[in-house]
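If you're matching positions, the sequence shown starts at 853 in my numbering and goes up one per residue.
All residues carry an ideal CB built from backbone N, CA and C; glycine is no exception.
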Amino acid sequence: MTKINTDFITLSQLLKMEDLVSSGGEVKYFLANEKVLVNDQEENRRGKKLYPNDVIKIHGKKFIIEK
């Protein structure tokens with residue numbers, strides 16, 4: 853579970869919080885080359901807003917946004 857203190861975070865922020873990437877440039881490359889699912893739909897927009905209860909799957913690992 854990924855805890856947030858705001859109403860939402862972006863997909864880019866999630867990738868950095870979970871140490872999957874270290875910079876914005878890496879986010880762009882990561883999303884272009886890896887399959888990322890948000891609520892079972894493929895997503896490649898780094899600015900995609902993620903809200904509490906959204907489920908993100910990356911490399912078979914599941915992240916659930918929680919406030």
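With C-beta atoms as the reference, is I861 less than 7 Å away from L889?
-> no
What's the call for S864, buried or exposed, on a 16-neighbour Cβ count within 10 Å?
-> buried
Following the continuous alpha helix (DSSP H) through F860, name the residue where it begins and the one where it ends.
-> Per DSSP, F860 belongs to no alpha helix (DSSP H) and is neither H nor E.
Between the C-alpha atoms of N905 and I917, what's the straight-line distance to the nearest angstrom?
-> 5 Å
Please state if the CB of R898 and the CB of V879 are separated by a distance shorter than 7 Å.
-> yes
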